[in-house]
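Trainee: The structure's right below; bear with me while I get my questions together.
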Amino acid sequence: MFCFQCQEASKNLGCDSFGMCGKDPTTSDLQDLLVYVLKGIAIYEEKLKNLGEKKSENYDFVMGALFATITNVNFDEERFYSLIEEAIEKREKWRKRFLSIYKMKNGKDFEGALHDSAIWNGK
50 MFCFQCQEAS KNLGCDSFGM CGKDPTTSDL QDLLVYVLKG IAIYEEKLKN
100 LGEKKSENYD FVMGALFATI TNVNFDEERF YSLIEEAIEK REKWRKRFLS
150 IYKMKNGKDF EGALHDSAIW NGK
């Protein structure tokens, strides 16, 4: 575990075995993973924006999920598993949308590199 999220971190260096706030290593890992998958959503959002697409419906979900990681009052592992699954579903929806619109506008499949957070699925 390594967590440097909050003001309770020892000497502002971060917690490395158990959080001063009460967070356990599993919750810390789940929060990090959620943020990672949210980065993947942001990648597709940015790519869609660059193709002229308007802001998506993901804003409220992303903000709510990010808030769940910073409050340090929600250490419910099941909630984070659920948020991660939902984030992956949303990211995949936007991945497919991006690939479709890219092909439509460019006449060819997207062949560029993508950060792992845009494709990781945990399997």
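Under my numbering, the very last position in the sequence shown is 172; numbers go up by exactly one each time. The C-beta atom is built at its ideal place from N, Cα and C for all residues, glycine as well.
Using only the alpha-carbon positions, how far apart do Y130 and R146 sit?
Mentor: Against the sequence shown, residue 130 aligns to sequence position 81. Against the sequence shown, residue 146 aligns to sequence position 97. Distance between the alpha carbons of Y130 and R146 is about 24 Å.
Trainee: Apart from the five residues on each side of it in sequence, which residues of its chain come closer than 6 Å, Cβ to Cβ, to I150?
Mentor: Translated into positions along the sequence shown, residue 150 becomes position 101. Result list for I150: L100, in chain order.
Trainee: Within its chain, find whatever has a CB closer than 6 Å to the CB of G89; leave out the 5 residues flanking it on each side and keep chain order.
Mentor: Mapped onto the sequence shown, residue 89 falls at position 40. Result list for G89: R140, S166, A167, in chain order.
Trainee: At which residue ranges does the stretch 67 to 96 contain complete beta strand (DSSP E) runs of 3 or more residues, listed in the order of the chain?
Mentor: For the stretch 67 to 96, not a single whole beta strand (DSSP E) run of length 3 or above is found.
Trainee: Just to confirm before moving on: does the CB-CB distance between A114 and L97 stay below 8 Å?
Mentor: Stepping through the sequence shown from its first residue, residue 114 is reached at position 65. Stepping through the sequence shown from its first residue, residue 97 is reached at position 48. It is not a contact, given that the beta carbons lie outside the stated cut-off.
Trainee: Closer than 7 Å by C-beta to A136: which residues in its own chain qualify, once you throw out the five before and the five after it? Chain order, please.
Mentor: Position 87 of the sequence shown holds residue 136. Result list for A136: L83, V86, L87, I90, A114, in chain order.
Trainee: Looking only at its own chain, which residues have a Cβ that is under 7 Å from the Cβ of K154, when we skip the five neighbours before and after it?
Mentor: The residue you call residue 154 lines up with position 105 of the sequence shown. Hits under 7 Å: L100.
Trainee: Considering only residues of the same chain and omitting the five flanking positions on each side of K30, which have a CB-CB separation below 8 Å?
Mentor: Residue coverage of the chain in this structure runs from 50 to 172, which leaves residue 30 outside it and unanswerable.
Trainee: What does the Cβ neighbour count give for T75, buried or exposed, with the cut at 16 atoms within 10 Å?
Mentor: Walking along the sequence shown from the start, residue 75 turns up at place 26. Result: exposed.
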